[in-house]
Amino acid sequence: MKDQQVASLAAQAEINRQLTPDQKINILRQMMDIRRFEQTALKHYQAGGDMGGFLHLYIGQESVAVGSTSLCGEHDHVITAYRDHGHALAMGMSMDECMAELFGKATGCSGGKGGSMHFFAPDKNFWGGHGIVAGQTPLGLGIAFALKYRGQKGCCLCYLGDGAVNQGVYHESLNLASLWNLPVVYIIENNGYSMGTSLARSSAYSENLAARAEGYGIEWDLINGEDIYAVRAGTWKAIQRAHEESRPTVLQIDTYRYYGHSVADANAKKYRSAEEIETYKQQHDPIRLWQQQLIAEGVLTEAQAAELDAAAKARANEAARFAAESPLPLESDIFTNVYYEVDHQTPAGKTGRHFFNN
Ligand SMILES: Cc1ncc(C[n+]2csc(CCOP(=O)(O)OP(=O)(O)O)c2C)c(N)n1
Ligand SMILES: [Mg+2]
Numbered sequence: 000m001k002d003q004q005v006a007s008l009a010a011q012a013e014i015n016r017q018l019t020p021d022q023k024i025n026i027l028r029q030m031m032d033i034r035r036f037e038q039t040a041l042k043h044y045q046a047g048g049d050m051g052g053f054l055h056l057y058i059g060q061e062s063v064a065v066g067s068t069s070l071c072g073e074h075d076h077v078i079t080a081y082r083d084h085g086h087a088l089a090m091g092m093s094m095d096e097c098m099a100e101l102f103g104k105a106t107g108c109s110g111g112k113g114g115s116m117h118f119f120a121p122d123k124n125f126w127g128g129h130g131i132v133a134g135q136t137p138l139g140l141g142i143a144f145a146l147k148y149r150g151q152k153g154c155c156l157c158y159l160g161d162g163a164v165n166q167g168v169y170h171e172s173l174n175l176a177s178l179w180n181l182p183v184v185y186i187i188e189n190n191g192y193s194m195g196t197s198l199a200r201s202s203a204y205s206e207n208l209a210a211r212a213e214g215y216g217i218e219w220d221l222i223n224g225e226d227i228y229a230v231r232a233g234t235w236k237a238i239q240r241a242h243e244e245s246r247p248t249v250l251q252i253d254t255y256r257y258y259g260h261s262v263a264d265a266n267a268k269k270y271r272s273a274e275e276i277e278t279y280k281q282q283h284d285p286i287r288l289w290q291q292q293l294i295a296e297g298v299l300t301e302a303q304a305a306e307l308d309a310a311a312k313a314r315a316n317e318a319a320r321f322a323a324e325s326p327l328p329l330e331s332d333i334f335t336n337v338y339y340e341v342d343h344q345t346p347a348g349k350t351g352r353h354f355f356n357n
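Position 125 (the sequence shown) corresponds to 124 in numbering that gives the first Met the number 0; numbering is contiguous.
Below you can see the structure in the form of structure tokens.
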């Protein structure tokens, strides 16, 4: 990670100097909301009975989603992998619809059929939530293609992990992004691990994953993810490049996850030391750092920060209550909202042959 000097330099970037006190506080509020939402989800998951399936927590990485999406305008879209709670909430999805989705309830954003990995809200420019590693990278490319095709001035922020960069489909996407001049920003969230494999053990030239973009003639940047100002300054350059020049960018944002790959990761402390995790929590926590920054700037007091946090916790508990009291999906709806063909009774939908003619 780069040192705090970078933070102070990034604070001077025009896009950060324009931030009002309210906008700065809103960034903190969003990060606190995400953390409290996930802590509450974890509590219910561990209690057993409320939730099934996987639960990949974003705790420790909140500044990446919140900082970058804070720059999104009307035609800017977001797509990500399975660690999607932070991006979804940052794009304006409600805690209620997200928590209900985790509980598998009909009031969930995907009707309770998607769960943790499939939050989805196209009306809020949020396109999921994808379980296949790097599967979202050609989809993000497609969103960027559609924007260009329609003549809309926007871009697609497509997030992927440090492990996903080794998937072939990501490289195919980079090739087309550059060849066709598409407004896509690939944001590599480098949390140092792919499941239990460290970056150094999974990637060649692990010092710089973003530089692979050079092979495709794409601009790239390295960003310190613990610093909201740095995330915003670096991402804004990429968004402007997409908007003004219709050119792609690859950003590597360094960050850290505090919990295991998923809640079911029994080896969470075997491939890294407890000291390493503790060091990040104590010295690099993005929420604490932003809170300290705002207090130092005189934008916020300790007491106000505590109030914001308490409100986030209360909202998360309220969302869990809403989820618990919501109805399960109806058995008769088991086939709806799964395939377009079934919902629209196309010939393929009637025969069940969705992909093959015979
Ligand atoms: C194509 C594919 N291969 C393997 C998996 C299993 N898998 C799920 S997550 C993951 C690690 C990905 O790590 P990274 O891209 O760094 O993302 P992070 O979990 O750190 O956010 C793997 C191998 C999968 N879901 N899809
Ligand atoms: Mg990773």
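Even glycine gets a Cβ: it sits at the ideal position worked out from N, Cα and C.
Since we're looking at a predicted model, the values are computed, not measured.
Supposed contact pair residue j and residue i - C-beta distance, whole angstroms, cut 8 Å
| i | j | result |
| --- | --- | --- |
| His154 | Pro137 | Note on identity: in this sequence residue 154 is Cys, with His being the wrong assignment. 16 Å between Cβ atoms; not a contact. |
| Gly87 | Phe53 | Note on residue identity: the sequence assigns Ala, not Gly, to residue 87. Contact flag wrong, Cβ pair sits at about 15 Å. |
| Ile222 | Thr248 | Their Cβ separation, rounded to whole angstroms, is 11 Å, which puts Ile222 and Thr248 out of contact at 8 Å. |
| Tyr158 | Ala80 | 7 Å |
| Thr254 | Gly59 | 7 Å |
| Glu225 | His283 | 5 Å |
| Tyr228 | Ala9 | 4 Å |
| Ile24 | Leu293 | 7 Å |
| His260 | Gly195 | 7 Å |
| Met31 | Ala311 | 4 Å |
| Leu27 | Gln281 | Actually they do not touch by this definition, with Cβ atoms about 19 Å apart. |
| Ala241 | Leu101 | At roughly 32 Å, the Cβ-Cβ gap does not stay under 8 Å, so Ala241 and Leu101 are not in contact. |
| Gly399 | Ser193 | Here the chain covers residues 0 to 357 and nothing more, so residue 399 does not appear. |
Beta-bridge partners of residue i, as assigned by DSSP
| i | result |
| --- | --- |
| Gln251 | Ile187 and Leu221 |
Residue range of the beta strand (DSSP E) that includes residue i
| i | result |
| --- | --- |
| His76 | Asp75 to Ile78 |
Span of the alpha helix (DSSP H), counted from its first residue to its last, around residue i
| i | result |
| --- | --- |
| Phe321 | Glu301 to Glu324 |
| Ile359 | No answer is possible for residue 359: the residues shown for the chain start at 0 and end at 357. |
| Pro328 | Here Pro328 belongs to no alpha helix (DSSP H), and DSSP marks it neither H nor E. |
| Cys97 | Met94 to Leu101 |
| Leu41 | Pro20 to Ala46 |
| Tyr279 | Ala273 to Gln282 |
| Asn15 | Glu13 to Arg16 |
| Thr345 | Segment: none, Thr345 is in no alpha helix (DSSP H) and carries neither H nor E. |
| Ser67 | Glu61 to Thr68 |
| Glu206 | Where Glu206 is concerned, there is no enclosing alpha helix (DSSP H), given that its DSSP letter is neither H nor E. |
| Leu54 | That residue, Leu54, is in no alpha helix (DSSP H); it is neither H nor E in DSSP. |
| Glu244 | Ile227 to Glu244 |
| Ala87 | His84 to Ala89 |
| Arg200 | Leu198 to Ser201 |
Complete runs of the beta strand (DSSP E) confined to the stretch 118 to 196 [at least 3 residues]: With a minimum length of 3 residues, the unbroken runs of beta strand (DSSP E) contained wholly in the stretch 118 to 196 fall at 154 to 160 and 183 to 189.
Validate contact between the stretch 42 to 60 and the stretch 105 to 122 using beta carbons, cut 8 Å, 3 pairs: The answer is yes - the stretch 105 to 122 touches the stretch 42 to 60, with three or more Cβ pairs under 8 Å.
Three CB pairs or more closer than 8 Å across the stretch 169 to 184 and the stretch 238 to 256: Short answer: they touch.
Stretch pair the stretch 63 to 77 + the stretch 311 to 327: three plus CB contacts closer than 8 Å: The stretch 311 to 327 and the stretch 63 to 77 do not touch, with fewer than three beta-carbon pairs separated by less than 8 Å.
Any 3 or more C-beta pairs closer than 8 Å across the stretch 31 to 47 and the stretch 96 to 110: Touching, per the Cβ criterion.
Inter-stretch contact (C-beta, 8 Å, three-pair minimum) for the stretch 228 to 235 and the stretch 138 to 152: Taking a cut-off of 8 Å for Cβ pairs, the stretch 228 to 235 and the stretch 138 to 152 do not touch, as fewer than three such pairs fall below it.
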